[in-house]
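Note sheet for the following structure.
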Amino acid sequence: PFTLVSLRLILGILTLAIVLAIRGGLKVNRQQFLQVFGVGFVGYGISLSLQFLGTKLSTAANGSLVTSATPAFVLLFAWILLSERITLRKFIALLFATVGVIAVIDPATAQLNPDLFLGNIFLLGAAVTWALYSVLVRKTAQDLDVLPLSLIAFIGGLPIVVPAGVWELNTVDVGAISLGVVGGVLFLGIISTALAMVLWNNAFAILDAGSASLTFFAQPVVGTLLGWFFLGEKITPLFLLGGVLIGIGILISAREN
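Put into structure tokens, the structure is as follows:
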């Protein structure tokens with residue numbers, strides 16, 4: 032996983048570097064670079080590492096359930112760092128969306144036994160640090176365009192994930208590298224990292240952090256739909272209910288903007 036995220040960040044950096052070169056280059060001062068580098072260190076270094084370690088030591092279902100707390104932490108950090116008010120509408124929107132995502136994930140699949148405690152703590156840390164990253168993006172995006180911000184933030188993750196990736200390559204069997212694997216890595220690096228993270232950062236630059244964070248809840252819905260389409264996985268009535276509740280939460284939040 033660390034090798035994969037290293038490749039993702041490097042591909043994301045190269046992709047955005049090409050776009051910025053076409054647009055006239057990276058125009059930031061030293062203070063801006065260091066500030067955004069620190070933001071990226073939190074998001075792409077610490078948070079992603081905790082996510083991988085937590086999933087390894089716990090379960091994927093636990094990862095989905097625990098990290099669904101991210102938007103709640105976004106509201107808290109936005110209140111502390113950006114002085115964004117936690118309005119009744121935001122709280123109700125978060126409540127609807129949270130209940131919806133729990134329904135989609137189905138907490139019955141989660142395992143909270145003591146053997147997985149450390150992994151669950153890492154997953155909770157991932158949720159907290161990704162929320163902090165997202166709020167810090169909104170704070171720094173006030174003085175810097177989202178494209179250079181995203182590129183520098185990717186660079187900020189490298190000091191943690193690259194050494195971990197090098198260690199991993201020396202201790203874990205990589206497996207067969209097929210054309211499909213290469214295509215998958217390119218997709219993850221260019222689309223799921225460069226494009227997706229620019230869109231995510233843009234959302235936090237444009238919207239207030241509390242409203243933007245609710246889009247996080249679309250992930251389990253989209254993931255389940257893709258699993259149904261590509262893998263033949265079943266769509267349950269609980270999923271349909273959860274999807275409706277998430278949609279209601281996002282609509283309630285959108286009416287405030």
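Basically my numbering = 1-based index in the sequence shown + 31.
The beta-carbon is built from N, C-alpha and C at its ideal position, and this holds for glycine as well.
Spanning the alpha carbons of Thr129 and Val135 requires a straight line of approximately 10 Å.
In this structure, DSSP gives Ile208 a state outside helix and strand, which the three-state scheme calls coil. By the C-beta density criterion, Pro251 is buried, having at least 16 other C-beta atoms within 10 angstroms. For Leu57, the three-state secondary structure derived from DSSP is coil.
With distances taken between CA atoms, Phe33 lies nearest to Val216 out of Val216, Val253, Gly263. Secondary structure of Glu199 (DSSP, three-state): helix. Three or more beta-carbon pairs drawn from the stretch 184 to 194 and the stretch 69 to 88 are found closer than 8 Å, and the two stretches are therefore classed as touching.
Thr171 places its beta carbon 8 Å or farther from that of Val105. Contact annotation: the stretch 113 to 125 does not touch the stretch 224 to 238, with fewer than three C-beta pairs closer than 8 Å. Ala100 carries a coil assignment under DSSP once its states are collapsed to helix, strand and coil. For Ser80, the closest C-alpha among the options Gly196, Glu264, Asn93, Val166 is that of Gly196.
The closest CA to that of Phe247, considering only Asp204, Phe83, Thr101, is found on Thr101. With respect to Phe108, Ala162 sits close: the two C-beta atoms are nearer than 8 Å. Excluding residues up to 5 positions away in sequence, Trp259 lie with their Cβ nearer than 6 Å to the Cβ of Ile266 in the same chain. Between Leu125 and Leu35, the gap from beta carbon to beta carbon reaches 8 Å or more. A direct Cα-Cα distance of roughly 12 Å separates Leu167 from Asp239.
In terms of Cβ geometry, Leu51 and Leu189 do not form a close pair [threshold 8 Å]. Cβ-Cβ distances below 7 Å link Ser89 to Leu147, Gly150, Asn151, Leu154 in the same chain, with the five nearest sequence neighbours on each side left out; the list follows chain order. A direct Cα-Cα distance of roughly 22 Å separates Trp198 from Ser209.
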